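S.K.: From first to last, the protein sequence lines stand for chains L and Z.
Residue 365 in the working numbering sits at position 187 of the first sequence, with consecutive numbering throughout.
Residue 181 in the working numbering sits at position 3 of the second sequence, with consecutive numbering throughout.
Can you read through this structure? Questions will come right after.
2 protein chains.
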Amino acid sequence: MEKKFQAIYDVLAKEIQTEKIRAGQLLPSENELTERFATSRETVRKALQLLSQNGYIQKLQGKGSIVLEQDKLPLPVSGLTSFKELARSMSQKVETSVIELSSKEAHGCNQQVLQCEEGTPIWELQRMRKLDGEAVIYDKDLLLKKLAPGLTKEIAADSIYDYLEQELGLSISYARKEVVVEEADAKDKEILDMGSYQQLVVVRSAVYLEDTTLFQYTESKHRPDKFRFVDFARRTK
Amino acid sequence: MEKKFQAIYDVLAKEIQTEKIRAGQLLPSENELTERFATSRETVRKALQLLSQNGYIQKLQGKGSIVLEQDKLPLPVSGLTSFKELARSMSQKVETSVIELSSKEAHGCNQQVLQCEEGTPIWELQRMRKLDGEAVIYDKDLLLKKLAPGLTKEIAADSIYDYLEQELGLSISYARKEVVVEEADAKDKEILDMGSYQQLVVVRSAVYLEDTTLFQYTESKHRPDKFRFVDFARRTK
DNA sequence: TTGCATAACTTGTATATACAAGTTATGATA
DNA sequence: TATCATAACTTGTATATACAAGTTATGCAA
Numbered sequence: 179m180e181k182k183f184q185a186i187y188d189v190l191a192k193e194i195q196t197e198k199i200r201a202g203q204l205l206p207s208e209n210e211l212t213e214r215f216a217t218s219r220e221t222v223r224k225a226l227q228l229l230s231q232n233g234y235i236q237k238l239q240g241k242g243s244i245v246l247e248q249d250k251l252p253l254p255v256s257g258l259t260s261f262k263e264l265a266r267s268m269s270q271k272v273e274t275s276v277i278e279l280s281s282k283e284a285h286g287c288n289q290q291v292l293q294c295e296e297g298t299p300i301w302e303l304q305r306m307r308k309l310d311g312e313a314v315i316y317d318k319d320l321l322l323k324k325l326a327p328g329l330t331k332e333i334a335a336d337s338i339y340d341y342l343e344q345e346l347g348l349s350i351s352y353a354r355k356e357v358v359v360e361e362a363d364a365k366d367k368e369i370l371d372m373g374s375y376q377q378l379v380v381v382r383s384a385v386y387l388e389d390t391t392l393f394q395y396t397e398s399k400h401r402p403d404k405f406r407f408v409d410f411a412r413r414t415k
Numbered sequence: 179m180e181k182k183f184q185a186i187y188d189v190l191a192k193e194i195q196t197e198k199i200r201a202g203q204l205l206p207s208e209n210e211l212t213e214r215f216a217t218s219r220e221t222v223r224k225a226l227q228l229l230s231q232n233g234y235i236q237k238l239q240g241k242g243s244i245v246l247e248q249d250k251l252p253l254p255v256s257g258l259t260s261f262k263e264l265a266r267s268m269s270q271k272v273e274t275s276v277i278e279l280s281s282k283e284a285h286g287c288n289q290q291v292l293q294c295e296e297g298t299p300i301w302e303l304q305r306m307r308k309l310d311g312e313a314v315i316y317d318k319d320l321l322l323k324k325l326a327p328g329l330t331k332e333i334a335a336d337s338i339y340d341y342l343e344q345e346l347g348l349s350i351s352y353a354r355k356e357v358v359v360e361e362a363d364a365k366d367k368e369i370l371d372m373g374s375y376q377q378l379v380v381v382r383s384a385v386y387l388e389d390t391t392l393f394q395y396t397e398s399k400h401r402p403d404k405f406r407f408v409d410f411a412r413r414t415k
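See the structure below:
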């Protein structure tokens, strides 16, 4: 079986993306969708809940599901978006170069952020990203070697996430992120085209797999003028 | 009736917050919880799904629900958190002062961001916030007067969200946000204690009610060293 | 002891039913 | 015509059942 509610979500999400159903319009009612997809109402409701969570629709008791204005802003949409996905959605020239990919053993501070034993084999990866020919993003990654033993510079220059999910079948599940602004240090200034900027937007994130193992720690430094973060959030309370 | 799944969520969330159940431990199984709360498994599952969404637990097929490490970082946790809530969780001295609260009619640019008719009555609000005696946040709000007719400087100095939700019974439902870094202008420098900083982190957000009406537009400028954004995100794809 | 099938758990998906709660259009009544 | 109750929709909550899929411990067999 192939997850009906996911399939229904995909169909409806695409119809909204392609504006087959326009913003402000109502989706067909749950009963109609139940008929259309030859399923049960609960299954339809699961699909609709996903749409709601991802900002496609707003459900209104008694009325129906209204299609929301789409963010034309072609950006991160919070969540876990890899740089490659991000770059694809921006129609700019993007270039990634690997500064360093080395195999080390966890110690002290490294070991602490990855919450692993002293001496655990890890990858230490540094990459620089160019947008329109300017070096504006500097990424440092720490990952457990055990889970991505065959990592190479070529893979790192493409997309780590693709490699993990499609090649290795690992399921990235959730992440914690922190965004702050910090002074650029000497190394930052050496790597990036800082112009007259003295500060960087720093995104630190810890990425976890389905089984809750902390797998990757990333520090991503962005030149302030090239940084933008877009978010859709529902009030949970 | 009083929404059982919400009640179950509240109980379990509190047990996790107070570390009655600690990180790394498993929750009781769905069947056990079903018995404990004298309900059905589906209802328990709805509660667990909420916990999962909000970063309290990770569900593992075949194993159970693991309690996740809690963010000790006492900060925004994405979502829609009002400044008052935020301030409460930080044990710093916080002070809000209203710079301006005036009643206007929408025109040109104002009208555009609020997506309303020319001439619609709106509130224009400007506030400055001090942390530990330093002026570090500058907020500008536009809101539809129709929905909050009795707004006063006193209310604005406290919490607009409390007023809207508790006094007026309005349901804030979702928001779109954008975070960028911009140069501070003359007005910013006049209002805030900028020190040697030249830039500000600007959070622009559009806040919507349950019926999808755009109700408030906010521009919140933060001195870079006092800005921090923390996020928990699940990979949806 | 070791290895392996299996049983007994766990969560995931799909379905059906019932009623509550909110919205809207209908139509009878004044 | 105008008003209002109501019927006919909509989504929300709660329950029950069945089976699929993943994990773990049991215990038999080699």
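Glycine included, C-beta positions come from ideal geometry on N, C-alpha and C.
Note that this is a predicted model, so its numbers are computed, not measured.
Sort Val381/Z, Leu226/Z and Gly373/Z by Cα distance to Glu356/Z and report the nearest one.
M.R.: Val381/Z
S.K.: For the beta strand (DSSP E) holding Ser281/Z, just list the boundary residues, first then last.
M.R.: Val272 to Glu283
S.K.: Quick check: is the beta carbon of Tyr352/L nearer than 8 Å to any beta carbon in chain Z?
M.R.: Interface residue, yes.
S.K.: Of all the options Glu343/L, Asp319/L, Ala313/L and Lys318/L, which has the alpha carbon lying nearest to the alpha carbon of Arg401/L?
M.R.: Ala313/L
S.K.: Looking at C-beta atoms only, is the number of pairs between the stretch 343 to 356 of chain L and the stretch 393 to 409 of chain Z that lie closer than 8 Å three or more?
M.R.: Touching, per the Cβ criterion.
S.K.: With 8 Å set as the bound, which would you pick, yes or no: does the beta-carbon of Asp317/Z sit closer than that to a beta-carbon of chain L?
M.R.: no
S.K.: To the nearest angstrom, how far is it from the Cα of Gln394/Z to the Cα of Ile338/Z?
M.R.: 11 Å
S.K.: Counting along the chain, where does the beta strand (DSSP E) carrying Glu368/L start and finish?
M.R.: Where Glu368/L is concerned, there is no enclosing beta strand (DSSP E), although the alpha helix (DSSP H) it sits in stretches over Ala364 to Ile369.
S.K.: Which of helix, strand or coil does DSSP assign to Lys250/L?
M.R.: Because Lys250/L sits at a pLDDT of 49, beneath the cut-off of 50, its placement in the model cannot be relied upon, and the following sentence gives the value as read from the coordinates. Lys250/L falls in the coil class under three-state DSSP.
S.K.: Between the beta-carbon of Leu309/Z and the beta-carbon of Val272/Z, is there less than 8 Å?
M.R.: yes
S.K.: When you compare only the Cα positions, how much space is there between Ser398/L and Glu193/L?
M.R.: 34 Å
S.K.: Short of 7 Å Cβ to Cβ, which residues in the stretch 359 to 370 of chain Z face chain L?
M.R.: Val359
S.K.: How far does the alpha helix (DSSP H) with Arg214/Z in it reach, from first residue to last?
M.R.: Glu208 to Arg214
S.K.: Counting only beta-carbon separations shorter than 8 Å, does Gln377/L have a partner in chain Z?
M.R.: yes
S.K.: From the DSSP output, read off the bridge partner residues of Ser243/Z.
M.R.: Lys237/Z
S.K.: Are the C-beta of Phe407/Z and some C-beta of chain L separated by less than 8 Å?
M.R.: It does; some Cβ of chain L falls within 8 Å.
S.K.: Taking a contact to mean a Cβ-Cβ separation below 8 Å, would you say Val245/L touches Ile277/L in this structure?
M.R.: no
S.K.: If we define contact as Cβ-Cβ less than 8 Å, is Gln236/L a contact residue for chain Z?
M.R.: Chain Z, which has a Cβ nearer than 8 Å to the Cβ of Gln236/L, makes this yes.
S.K.: If distances are taken between C-alpha atoms only, which option among Leu370/Z, Glu361/Z and Lys367/Z comes closest to Tyr375/L?
M.R.: Glu361/Z
S.K.: State the DSSP-derived secondary structure class of Leu205/Z, mapped to helix, strand or coil.
M.R.: coil
S.K.: Within its chain, find whatever has a CB closer than 6 Å to the CB of Ile186/Z; leave out the 5 residues flanking it on each side and keep chain order.
M.R.: Phe215 and Ala225
S.K.: Report all residues from its chain with a CB closer than 7 Å to the CB of Ser281/Z; omit the five preceding and five following residues, and keep chain order.
M.R.: The answer, listed in chain order, is Pro299, Trp301 and Lys323.
S.K.: Are there 16 or more other CB atoms within 10 angstroms of the CB of Gly202/Z, so buried, or fewer, so exposed?
M.R.: It is exposed - the Cβ of Gly202/Z has fewer than 16 other Cβ atoms within 10 Å.
S.K.: What whole-angstrom Cβ distance do Leu205/Z and Gly242/Z have, given they're in contact under 8 Å?
M.R.: Correct: roughly 6 Å between the Cβ atoms.
S.K.: Output yes if chain Z places a C-beta closer than 8 Å to the C-beta of Ile199/L; else output no.
M.R.: no
S.K.: How far does the alpha helix (DSSP H) with Ser230/L in it extend, from its first residue to its last?
M.R.: Arg219 to Gln231
S.K.: Run through DSSP, which three-state label would Tyr375/Z get?
M.R.: coil
S.K.: Helix, strand or coil, according to DSSP, for Phe405/L in the structure here?
M.R.: coil
S.K.: Buried or exposed: where does Leu342/Z fall if 16 or more other Cβ atoms within 10 Å of its Cβ makes it buried?
M.R.: Buried is the call here.
S.K.: Verify whether the separation of the beta carbon atoms of Thr274/L and Arg307/L is less than 8 Å.
M.R.: If you check the CB distance, Thr274/L and Arg307/L come in under 8 Å.
S.K.: Quick one: does Lys355/L have its CB under 8 Å from some CB of chain Z?
M.R.: yes
S.K.: Cβ closer than 9 Å: which chain L residues qualify as neighbours of Phe135/Z?
M.R.: With chain Z covering only 179 through 415, there is no way to say anything about residue 135/Z.
S.K.: Mapping the DSSP letters down to three states, classify Leu190/L as helix, strand or coil.
M.R.: helix
S.K.: Report all residues from its chain with a CB closer than 7 Å to the CB of Ser207/Z; omit the five preceding and five following residues, and keep chain order.
M.R.: Gly242
S.K.: Within 8 Å (strictly less), CB to CB, does Arg219/L reach chain Z?
M.R.: no
S.K.: If the criterion is Cβ atoms closer than 8 Å, does the pair Val359/L and Val385/L meet it?
M.R.: no
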